[in-house]
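As structure tokens, the structure follows; a few thoughts come after it.
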Amino acid sequence: MEMVNITIDGQKVQVPAGITVLEAARMAGIKIPTLCYLKEINKIGACRVCLVEIERARGLQASCVYPVMEGTVVRTNTPAIREARKAVVELILSNHPMECLTCERNTKCELQALAKQLGITDIRFKGENTEFPKDTSSPSIVRNPDKCILCRRCVSVCNQIQGVGVLGTTDRGFESIVAPAFHHQLSEVDCVYCGQCVNVCPVGALTEKDDTQLVWDAINDPEKHVVVQTAPAVRAALGEEFGYQVGTSVTRQMVAALRRLGFDKVFDTDFTADLTILEEGNELLERVKNGGKLPLITSCSPGWVKFCEHNYPEFLDNLSTAKSPQQMFGALAKTYYAKKCGVDPAKIFSVSIMPCTAKKFERQRPELRDSGFADVDAVLTTRELAKMIKVAGMDFAALPEEQYDDPMGISTGAGLIFGATGGVMEAALRTVYEVVTGKTLKDLDFVGVRGLEGVKEASVDLPPLGTVKVAVAHGLGNARKLLDKVKAGEAEYQFIEVMACPGGCVGGGGQPLVGGPERMELEEDYRALRAKAIYEEDKGMPLRKSHENPAVQALYEEFLVKPLGEKSHHLLHTHYTPRVKNQALAAWREKNK
Amino acid sequence: MEFYRSHVLVCTGTGCTSSNSRSVISGLRKELADKGLEKEIQVIETGCFGFCNLGPIMVVYPEGVFYCRVSQDDIQEIVEEHFTKGRVVQRLLYHEPNTTVKTQEFNDIEFFKHQKRIALSNCGIINPEKIEEYIARDGYFALAKVLHEMKPEDVIEEIKKSGLRGRGGGGFPTGMKWNFAHKAQGDQKYVVCNADEGDPGAFMDRSVLEGDPHSVLEAMAIAGYAIGANQGYIYVRAEYPIAVERLRLAIEQAHKMGLLGKNIFGMGFDFDVDIRLGAGAFVCGEETALLTSIEGKRGEPRPRPPFPANSGLWGKPTIINNVETYANVTRIIRNGWEWFASMGTEKSKGTKVFALAGKIKNTGLIEVPMGTTLRTIVYDIGGGILNDKKFKAAQTGGPSGGCIPAELLDTPIDYDNLIAIGAMMGSGGLIVMDEDTCMVDIARFFLEFTQDESCGKCPPCRIGTKRMLEILTRICEGKGVPEDLENLETLAKTIKSAALCGLGQTAPNPVLSTLRYFRHEYEAHIYDKKCPAGVCKSLLSYKINEDKCRGCSLCARNCPAKAISGKVKEPFVIDPEKCIKCGACMEKCKFGAIERK
């Protein structure tokens, strides 16, 4: 690596050529404050908080975008710099609703932290504040543009990472704001509700739709039998809300917390993840054997499904008809479980705890009411669950370790790894291998499909079926790349896993927030750390293959009969319909015909 | 070839077109044909002469007679008198201000006499829609010379030695910029022309494009050769339809003649130019925002480094120069760097075009050698202040520039002197203000423009200019408080040092320079609640001086707010509650009885 010699605050340091002054300063132990900068996502030098002096450069420079060169001399802490940073943040605050105490992001706001860090105790420049309507049109995400500080992290993630592109800057000057084009609402554009924008927002301008009251009300209703399911990725991140290090799994305490919140039964989405593998695995074999539509593409990520409906309707027949684990759970809770436990399904209130904002949308899809009721009644994100636990006054660290309830709390490691990118693929391969070859799999770890590389490929020998080629994409930008390749005939696969969020569900839009400064602190990507926790837990599980889940086996014996059977078909499978691309534009055209 | 005994040049630039020069031309042609003179007198459409408020302008050669404000009704007389009887139509001649002299000849007019036209040398001389006329004035000779006789390095050296600096505002040495792009590695490089002229009142780029489009195309090709690019883009405002049309025509004609396109002059050099239209955002004149806009994105600046010379359009090495800069290039190549460097001051060579406007007798486009004093421009070329009022200040550099006070009238104008006195060259707007101008109000006015044109990307500009504007508005409304001055200065300094691009960094200039030279006016507004120039309405009150009032009732009859009452032949009174401070009474009063305080 080419190195250059630079001077920062009098310190002579050698750093790799081409890195930014911000990165170089951190190597020298100087933490320049930042706001719009977000590692690997947003590097645009817009907010002017990370200003430094560069010798021989005019004015102050944004260190997040200024490349070091041989001989660069940097000063990061002069009166002029301190005053400029402070004035810039004061200006941002002068157009910010000062509702910190009642803000969703109170104590977890990067602007708030910055104001404290810079020692701001007074705002010298007061004046008019911009006012925009709040966008509560979507079931998943609430936009509060009055709180937006135009850092554009959400714009970057929506456009560059996700390739969805519904957020951008509109209007100019003081009136400029981040919004969908022409100030449309999120529900009027092709937003897939993945929530990645929420994950990167440094303030309270983007939040999930809060459904906690709905759940409190159900719990408090003596007439209701409230069951809860927890998605695999939730347990690997929930602890962060209570001070645990990133990558700590808190499964058993979480179960205890849920029970103490008053849920009648605490179940696990991993159970239906195992079930998904049986249904989807058999669907794959069926399609391979009978010349069905290939590649088969997973459909458990609702953000991905909506993205596909808008942008790749030609692939809708490739999507697995198996419902997502959340929806399978919902359908079974109000049929199989209701019958088994003798509860009136009309009285069951089914809650799911998800790392995901799009699940809130998925719950409301009209296709997904096969139990005769809404399959799922409320979806909470990991963050919302943490909020409830805090409201209830629980000391999370002191909670005992408890077990999930039977029967829908029994699961295998295969169901658990659904939470990380490549997990569905790996779980499917574990089962499909044994079903096809009739042999026992020796090494259960398909490491080729693990990790954070954007698109992963692998081929697996499945005699007598032959070699199966698979691919995994996470993040919709990567999904787009992969599908375009398939579309162009440049690659051929039998099975593809797509997760809408980078890193898979561990990086979901409903997960605890990892702020800008924190991301710089962590030695490894926070999603990789959470995935690690999941794989560790998988390793320690007595059962690691979905088809070995005794509760799932019992489910087939008692109720479903066989995978892809008639009952499965009715309760566990669905179909998807094409959606208009550029909805807003299409609506406008229709109106102005 | 046909010979004519007389050539009649009529301006078809935007200014004269607006004052109907097109109908003058068609009327003239018809009248000449009717009189059978169409084979003797040739009518030529030209670009701008620069004296736009006198339009439509007509110059008759060989005498060089300068007619102004010619209308259709004058045509018969001109043809009859001038072209048939050989008698100059006196009443259409230019009347020199401050004198009784009517100047007949173009070159004798004070407005033109002190000018040195290089960038504008073809404007008002040739028909911009005929490439042959450009070629007849040695057009494309520089490109031929470059391709035949010079290596790219020689071209860069020539430009470097000439001392040419960017005419768009920054004043960066052009040759150095070309050299960076020449040295930058890249399979594809670009040459961009910044024709997104946005300073209110400035129209030199438009005039060059309308009057001499080939000079820009030729220079772009030369630049392409120098840096190793074969594609150029001209980013021009869509609000300049005539310029766009003439550019289109010029590109087409140059193509037909093999002066653009493949294998120019058979020397194996390819160069093409495309036009990109801007939608009128001021910030798109900032080079990185302009490039972003060409790329099809929202026109917003991006941080530098990397500079466009290394990573410009679509990440490729790119040079971006202003129209006026290019217009100088061909002349430097043809006449040599020594010729160019012999004009101007030590660090600012050549000439500069200014758009002269405001409270001045002669307004229009002028080109003067660098180092000309403001006094020469205002009094010799401009003919002095309107209504012979006192000169108060001149604003250079448009809304991002600064105000120069009367005591600095003798400063030789060049890049560095202007910066030193808190102003800037900018693209060359020059607005003259008289004693009736309130400097706080002027600062507010310019800031209103820049804050409205801020793209919104960085907080110092997006919010900072808004806050400054709020303070200035407050001061003008008489609601200013002592800490406003301190806050204004803090904001100005912060924005200047912290903003992302040139728009933001220069936006506080009008405030800083007026605070520097006219601080007492701010203080009068804040502490005394007075506007010394009598401009800020909220701080004014009108009163009738009882001793002077004759009770004629004229004021009362002209008051739109019915705020004045009284008995005829007795002193009238103004009701301050009803008075809207429009000043109509003061204007009408024949006895000077109305006082404004």
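Going down the list, the sequences are from chains A and B.
Start counting the first sequence at 0; every next residue gets the next number (numbering that gives the first Met the number 0).
Start counting the second sequence at 0; every next residue gets the next number (numbering that gives the first Met the number 0).
The beta-carbon is built from N, C-alpha and C at its ideal position, and this holds for glycine as well.
Bear in mind the structure is a predicted one, so any value in this text is a computation, not a measurement.
Fully contained in the stretch 110-187 of chain A are the following alpha helix (DSSP H) runs of length 4 or more, in chain order: 152-155. Counting only residues of its own chain and dropping the five nearest sequence neighbours on each side, residue 568 (chain B) has a CB closer than 7 Å to the CB of 550. Counting the other Cβ atoms within 10 Å of the Cβ of residue 519 (chain B) gives fewer than 16, which makes it exposed.
Residue 74 (chain A) is bridged by DSSP to A:52. Residue 450 (chain B) has a beta carbon lying within less than 8 Å of a beta carbon in chain A. For residue 355 (chain B) and residue 187 (chain A), the gap between their C-alpha atoms comes out near 50 Å. Contact note: residue 469 (chain B) reaches chain A through 124, 125, 126, 127, using a C-beta cutoff of 9 Å and chain order. For residue 75 (chain A), not one C-beta of chain B is nearer than 8 Å to its own C-beta.
Nearest in C-alpha terms to residue 232 (chain B), of all of B:200, B:393, B:97, B:313, is B:313. For the pair residue 163 (chain B) and residue 172 (chain B), the Cα-to-Cα distance works out to about 6 Å. In the DSSP annotation of this structure, the continuous segment of the beta strand (DSSP E) that includes residue 192 (chain B) starts and ends at 189-194. Remark: C-beta atoms of residue 551 (chain A) and residue 408 (chain A) do not approach each other more closely than 8 Å. Burial state of residue 279 (chain A) is buried, judged by a 10 Å Cβ sphere holding 16 or more other Cβ atoms. Annotated as proximal: residue 393 (chain B) and residue 429 (chain B), with beta-carbon spacing under 8 Å. Cβ atoms of residue 234 (chain B) and residue 195 (chain B) come within 8 Å of each other, at about 5 Å. When DSSP states are grouped into helix, strand and coil, residue 220 (chain A) belongs to the coil group.
Assignment of residue 309 (chain B) by DSSP, reduced to helix, strand and coil, places it in the coil class.
Runs of beta strand (DSSP E) with 3 or more residues, each lying fully within the stretch 157-220 of chain B, are found at 189-194, listed in chain order. Close to chain B, meaning a Cβ-Cβ distance shorter than 7 Å, are the following residues of the stretch 46-59 of chain A: 46, 47, 50, 58, 59. If you keep only unbroken beta strand (DSSP E) runs of at least 3 residues inside the stretch 363-450 of chain A, you get 377-380. Look at residue 571 (chain B) here: in three-state DSSP terms it is coil, with no helix or strand label. For residue 149 (chain A), at least one C-beta of chain B is nearer than 8 Å to its own C-beta.
A straight-line Cα-Cα distance of about 41 Å links residue 273 (chain B) and residue 499 (chain A). When only Cα atoms are considered, residue 178 (chain B) and residue 158 (chain B) end up about 10 Å apart.
When the five nearest sequence neighbours on each side are left out, the beta carbons in the same chain lying within less than 8 Å of the beta carbon of residue 38 (chain A) are those of 515, 518, 519, in order along the chain. With 16 or more other Cβ atoms from the protein chains shown falling within 10 Å of its own Cβ, residue 509 (chain B) counts as buried.
Contact note: residue 360 (chain B) does not reach chain A at a C-beta cutoff of 8 Å; the least C-beta distance is about 36 Å. The C-beta separation of residue 422 (chain A) from residue 503 (chain A) comes to about 6 Å, placing the pair in contact by the 8 Å criterion. Under DSSP, residue 6 (chain B) forms a beta bridge with B:41, B:60. Neighbours of residue 83 (chain A) in chain B, taken as residues at a C-beta separation under 7 Å, are given in chain order as 493, 496, 497.
Taking 8 Å as the CB threshold, residue 94 (chain A) lines the interface with chain B.
Against chain A, a Cβ distance below 9 Å from residue 453 (chain B) picks out 171, 172, 173, 175. For residue 498 (chain A), the secondary structure class from DSSP, reduced to helix, strand or coil, is strand. In the displayed model, residue 507 (chain B) falls within coil according to three-state DSSP, outside both helix and strand. Between residue 109 (chain B) and residue 376 (chain B), the alpha-carbon positions lie close to 11 Å from each other. Distance from residue 413 (chain A) to residue 545 (chain A) at the Cβ level is roughly 4 Å; contact confirmed, criterion being Cβ atoms closer than 8 Å.
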